[in-house]
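Here is the structure we will look at.
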Amino acid sequence: MKAGFLLNRRGDLAYLTIPLFSATGLVAHAFSTRLGGVSPAPYDSLNLGFHVGDDPRHVLANRRLACGALGIDAGRLVAGRQVHGDRVVTVDAAEAGRGARSEEDALPEVDALVTAAPNVPLSSYYADCVPLFFLDPVCRVAALAHAGWKGTVLRIGAKTVRHMEQYHGSRPGDVLAAVGPSIGPCCYEVDAPVMEAVNKCLPNAQGLARPGRPGRWWLDLREVNRRILLEAGIRRANITVAGYCTACRGELFFSYRRQKGRAGRMASLIMLK
Numbered sequence: 088m089k090a091g092f093l094l095n096r097r098g099d100l101a102y103l104t105i106p107l108f109s110a111t112g113l114v115a116h117a118f119s120t121r122l123g124g125v126s127p128a129p130y131d132s133l134n135l136g137f138h139v140g141d142d143p144r145h146v147l148a149n150r151r152l153a154c155g156a157l158g159i160d161a162g163r164l165v166a167g168r169q170v171h172g173d174r175v176v177t178v179d180a181a182e183a184g185r186g187a188r189s190e191e192d193a194l195p196e197v198d199a200l201v202t203a204a205p206n207v208p209l210s211s212y213y214a215d216c217v218p219l220f221f222l223d224p225v226c227r228v229a230a231l232a233h234a235g236w237k238g239t240v241l242r243i244g245a246k247t248v249r250h251m252e253q254y255h256g257s258r259p260g261d262v263l264a265a266v267g268p269s270i271g272p273c274c275y276e277v278d279a280p281v282m283e284a285v286n287k288c289l290p291n292a293q294g295l296a297r298p299g300r301p302g303r304w305w306l307d308l309r310e311v312n313r314r315i316l317l318e319a320g321i322r323r324a325n326i327t328v329a330g331y332c333t334a335c336r337g338e339l340f341f342s343y344r345r346q347k348g349r350a351g352r353m354a355s356l357i358m359l360k
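Quick note: the sequence shown uses the numbering used here, first residue 88, plus one each step.
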């Protein structure tokens with residue numbers, strides 16, 4: 088397992104990258120922070136999500152800022168309307184721009200996007216859920232998956248790997264993966280139904296949660312996803328895990344839980360060159 092994302096700064100803009108991905112030279116990619124945008128509170132300032140109540144003009148300006156730092160055309164962004172499910176779809180050049188200018192035009196009911204097409208930037212949106220990044224440098228396939236607790240126990244990470252394998256010829260042992268910034272076990276308190284779903288997903292797994300108040304646990308959702316990726320055949324050395332908690336690090340990240348629902352959204356971005 089590789090520890091850590093790299094924090095990059097360009098003027099007021101700050102974003103995170105994955106050294107293992109950068110070293111391939113095959114992709115432009117990032118996980119955004121809240122810094123460097125134009126939106127007012129509570130979306131201050133680099134809110135990239137249309138669906139949270141921010142002025143769409145601010146969102147478009149923020150997307151241009153974030154994408155511009157990566158050499159990505161914001162008008163070609165592809166987004167899905169995320170529903171905490173496990174649907175995985177392949178995106179090609181014909182879908183470029185779906186969801187770039189409004190949520191209404193995003194791909195419907197999808198939480199994982201895969202592409203083998205160059206210059207088709209994928210995007211996914213977050214304010215505590217787990218962002219998953221994938222890159223197959225052999226077959227040149229990139230993917231993103233959105234893993235809240237529901238998507239996690241539906242094993243969306245493993246299903247994304249299987250989709251890459253089935254439709255693009257990827258071998259799990261070749262795939263690089265990353266588990267991005269999300270709410271950490273320090274802040275993510277869950278109830279018995281969530282823990283039961285996690286235990287059903289990973290029977291007999293140890294070290295995923297610690298007891299909290301009666302009937303509550305502090306869950307490490309990043310670790311749950313890491314273990315699912317290992318079970319899917321990704322090599323331990325090919326998985327990078329971010330150490331950032333989005334709820335703790337309010338100076339860097341939006342957090343749905345910390346902000347009681349009124350929060351902007353960060354984005355994961357990846358594009359094959």
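For each residue, glycine too, the CB sits at the ideal point set by N, CA and C.
Rounded C-alpha distance that separates Gly-238 from Gly-155: One Cα belongs to Gly-238, the other to Gly-155, and the distance between them is close to 30 Å.
Buried versus exposed, by CB contacts within 10 Å (16 or more), Ser-189: Within 10 angstroms of the beta-carbon of Ser-189 lie fewer than 16 other beta-carbons, which makes it exposed.
Beta-carbon spacing of Val-217, Val-266 below 8 Å: Against a cut-off of 8 Å, the Cβ pair of Val-266 and Val-217 comes out as a contact.
Contained beta strand (DSSP E) runs [length at least 3] in the stretch 130-211, N- to C-terminal order: Contiguous beta strand (DSSP E) elements confined to the stretch 130-211 occur at 175-177 and 199-202, taking only those with 3 or more residues.
Thr-28 - containing alpha helix (DSSP H), residue span: With the chain covering only 88 through 360, there is no way to say anything about residue 28.
Reduced DSSP secondary structure (H/G/I, E/B, other) of Tyr-275: Shown here, Tyr-275 sits in coil according to DSSP, grouped into three states, outside any helix or strand.
Tyr-102 and Ser-126 closer than 8 Å at C-beta: No. Outside cutoff.
Coil, strand or helix - Phe-108 by DSSP: Three-state result, Phe-108: helix.
Beta bridge counterpart(s) of Tyr-213 as assigned by DSSP: In the DSSP output, where bridge partners are listed per residue, Tyr-213 has Met-353.
Contacts around Ala-245, its chain only, beta-carbon distance under 6 Å, and the 5 residues preceding and following it disregarded: Correct list, in chain order: Ile-315 and Ala-319.
Exposed unless 16 or more other CB atoms sit within 10 angstroms - verdict on Leu-133: Classification of Leu-133: buried, given that the 10 Å Cβ count is 16 or more.
Chain-order list of residues whose beta-carbon lies under 6 Å from that of Ala-334 (same chain, five-residue window excluded): Hits under 6 Å: Ile-270, Cys-274, Ser-342, Arg-344 and Arg-345.
Touching by the beta-carbon criterion (3+ pairs, under 8 Å), the stretch 251-262 and the stretch 289-296: Two segments are said to touch when three or more pairs of C-beta atoms, one from each, lie closer than 8 Å; by this definition the stretch 251-262 does not touch the stretch 289-296.
Neighbourhood of Ala-204 by C-beta distance below 6 Å, restricted to the same chain and skipping five residues each side: Cβ neighbours of Ala-204 within its own chain (closer than 6 Å, five residues either side excluded): Asp-179 and Ala-180.
Inter-residue spacing [alpha-carbon to alpha-carbon] between Met-358 and Val-248: Distance between the alpha carbons of Met-358 and Val-248 is about 17 Å.
Proximity of Gly-162 and Val-146 at Cβ, strictly below 8 Å: For Gly-162 and Val-146, no; Cβs fall outside 8 Å.
At least three beta-carbon pairs within less than 8 Å, the stretch 171-178 to the stretch 320-334: For the pair of segments examined, the stretch 171-178 was found not to touch the stretch 320-334: the number of CB pairs separated by less than 8 Å stays below three.
With 16 other Cβ atoms within 10 Å as the buried cut-off, status of Leu-142: Residue identity check: residue 142 is Asp in the sequence provided, not Leu. Asp-142 is classed as exposed because its beta carbon has fewer than 16 other beta carbons within 10 Å across all chains shown.
Whole-Å CB distance - Ile-152 paired with Gly-123, under 8 Å assumed: Before going on, a small fix: residue 152 reads as Leu here, not Ile. About 6 Å; that satisfies the 8 Å criterion.
CB of Leu-222 within 8 Å of CB of Leu-113, strictly: Result yes, Cβ atoms of Leu-222 and Leu-113 sit closer than 8 Å.
Limits of the beta strand (DSSP E) - the one that Thr-327 falls within: 326-328 is the span of the beta strand (DSSP E), which, as asked, contains Thr-327.
Host alpha helix (DSSP H) of Leu-308 (start-end): First-last of the alpha helix (DSSP H) with Leu-308: 308-318.
Between the CA atoms of Arg-121 and Phe-340 - distance to the nearest angstrom: C-alpha separation (whole angstroms): 5 Å.
Option in Pro-268, Gly-91 and Gly-140 with minimal Cα separation from Gly-337: The residue among Pro-268, Gly-91 and Gly-140 with its C-alpha nearest the C-alpha of Gly-337 is Pro-268.
Candidates Leu-295, Ala-199 and Asn-149: closest to Val-165 by CA position: Closest by alpha carbon: Ala-199.
DSSP-derived helix/strand/coil call for Arg-303: Looking at Arg-303 - three-state DSSP - the assignment turns out to be strand.
Contact belief for Gly-302 with Ala-279 at Cβ below 8 Å, rounded distance in angstroms: Between Gly-302 and Ala-279 a beta carbon distance of about 6 Å is seen, short of the 8 Å cut, so the two are scored as contacting.
Rounded separation between Leu-209 and Glu-182 - CA only: C-alpha separation (whole angstroms): 10 Å.
Simplified DSSP assignment, three categories, for Arg-249: The answer is helix: DSSP assigns Arg-249 an H, G or I state.
Beta-carbon separation (whole angstroms), Val-225 vs Met-251, contact threshold 8 Å: About 11 Å separates the two Cβ atoms, so there is no contact after all.
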